[in-house]
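S.K.:
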Amino acid sequence: MIQTGTKTLPLVNAFTVDVEDYFHVALFERHVAKDRWATMEQRVEKNTDRILAMLGQKGICATFFILGWVAQRFPDLVRRIATQGHEIASHGMQHVRVTQQSPEEFFQDALACKHLLENISGQPVLGYRASTYSIGRDNLWALDALAKAGYGYSSSIYPIRHDLYGWPEAPRFAFHPRHGGTEGDGLLEIPVSTLEWFGHRVPCGGGGYFRLYPLAFSLWALHHLNVKEGKSAVFFLHPWELDPGQPRLKNLPMKVRFRHYLNLEKMEARLERLLASFRWDRMDRVFADRLGVEKKI
Ligand SMILES: [Zn+2]
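What follows is the structure, given as structure tokens:
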């Protein structure tokens, strides 16, 4: 909570969207080859527009981590996001995990995406989110590459244990991984939200977990973060998570099918509640003090 005169206002949280289509996800990488992406039914523009409409209705600004592949094909979407007051941020060009790139490949990809998004939107691009949260203890060089490419922050480390990603011992809140967590020249990392719960670290910052948990738990967890821990939450979702009508891929393993398609039809109503239940803003404004940028952007 923050004090403003005699009034106490709830903390402001960061709302973020990873702008990619249903076939870009890591879970599908063995099932949809990259050279098929362009032939798939493209639904990202329509789905992102729905999120923009919901945010617009509530007067909420958010941060959009946009995949370069999407920006190249839908530049008007990038411009719409920017002109509606949202922060344009980068999700890399091709949705390749950092763990599958050399430092030079990663640097070139991150730089190309930054330039592409800046050219289309006319906005400086400060934020980067790695594909599949693929920055962790073993590839922190990626943060140096991002700083060299001109980024101001990363939101790419998920401080949990997970089969695809995660650095479970990482700090739960914004920190400088290259400087032992303390302030310094190294890039600021702003992790997606987690909760410490009975000795376990529980992810509560969106994605599949938001679809899996009962809504009441997600709302309680974010409220706990704000009120009990006094911390801003970082929440993320994908446009395809609001799209129960997306083409259903055939021959998927049961685990993949469950994780991707779970509760898609419940998401719009859940998102409405989530947006109405907390205060939200763009990442660069929520963390302006840590980033050393002006609050009024
Ligand atoms: Zn992604």
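Residues in the sequence shown are numbered from 532 upward in steps of one, following the working numbering. Glycine included, C-beta positions come from ideal geometry on N, C-alpha and C.
1. In its own chain, which residues sit with a C-beta less than 6 Å from the C-beta of arginine 628, not counting the 5 before and 5 after it?
2. Going by DSSP, name the residue or residues bridged to isoleucine 619.
3. Hey, would you say the C-beta of threonine 663 is under 7 Å away from at least one heavy atom of ligand 1?
4. Between cysteine 592 and tryptophan 811, what straight-line distance do the alpha-carbon atoms span, to the nearest angstrom?
5. Given this structure, state the Cα-to-Cα distance separating histidine 626 from leucine 726, to the nearest angstrom.
6. Short check: CB of glycine 717 to CB of tyrosine 682, under 8 Å?
7. Under three-state DSSP, which class holds arginine 810?
8. Mind reading off the beta-carbon distance from tyrosine 689 to isoleucine 721? Whole number of angstroms is fine, and I expect it under 8 Å.
9. One question on the structure: do alanine 807 and lysine 589 come within less than 8 Å of each other, judged by their Cβ atoms?
10. Looking at arginine 668 and serine 686, is the spacing between their C-beta atoms short of 8 Å?
11. Taking the alpha-carbon positions, what's the lysine 797 to proline 745 distance?
12. From threonine 570 to phenylalanine 554, what distance separates their C-alpha atoms?
13. In angstroms with no decimal places, state the Cα-to-Cα distance between aspartate 640 and serine 621.
14. Could you tell me if leucine 761 is buried or exposed, where buried requires 16 or more neighbouring beta carbons within 10 angstroms of its beta carbon?
15. Is proline 770 helix, strand or coil when you go by DSSP?
16. Could you name the residues of the same chain whose beta carbon sits closer than 7 Å to that of serine 763, not counting the 5 residues immediately before and after it, in chain order?
17. Measure how close the beta-carbons of histidine 769 and glutamate 551 come, nearest whole angstrom, since I'm counting them as under 8 Å.
18. Taking 7 Å as the cut-off, is the C-beta of histidine 562 nearer than that to any heavy atom in ligand 1?
19. On the three-state DSSP scale, how would you describe aspartate 640?
20. Which residue's Cα is closest to the Cα of aspartate 549: Ile582, Phe748, Glu572?
21. Which whole-angstrom value is the C-beta distance of glutamate 576 and phenylalanine 605, which I expect to be below 8 Å?
22. Can you look up tyrosine 744 in the DSSP assignment and give me helix, strand or coil?
M.R.: On the basis of the data shown:
1. Residues of the same chain with a CB within less than 6 Å of the CB of arginine 628, apart from the 5 flanking positions on each side, are Ser662, Thr663, Ser665 in chain order.
2. Answer is Phe595, bridged to isoleucine 619.
3. yes
4. 7 Å
5. 27 Å
6. no
7. Note: arginine 810 maps to strand in three-state DSSP.
8. Going by Cβ atoms, the distance from tyrosine 689 to isoleucine 721 rounds to 11 Å, so no, they are not a contact pair.
9. yes
10. Between serine 686 and arginine 668, the CB-CB gap reaches or exceeds 8 Å.
11. 10 Å
12. 11 Å
13. 10 Å
14. First, the amino acid is wrong: residue 761 is glycine here, not leucine. Per the 10 Å Cβ criterion, exposed.
15. helix
16. Leu542, Val543, Asn544, Ala545, Val817
17. 6 Å
18. no
19. helix
20. Ile582
21. Rounded, the Cβ-Cβ distance is 5 Å, consistent with contact.
22. coil
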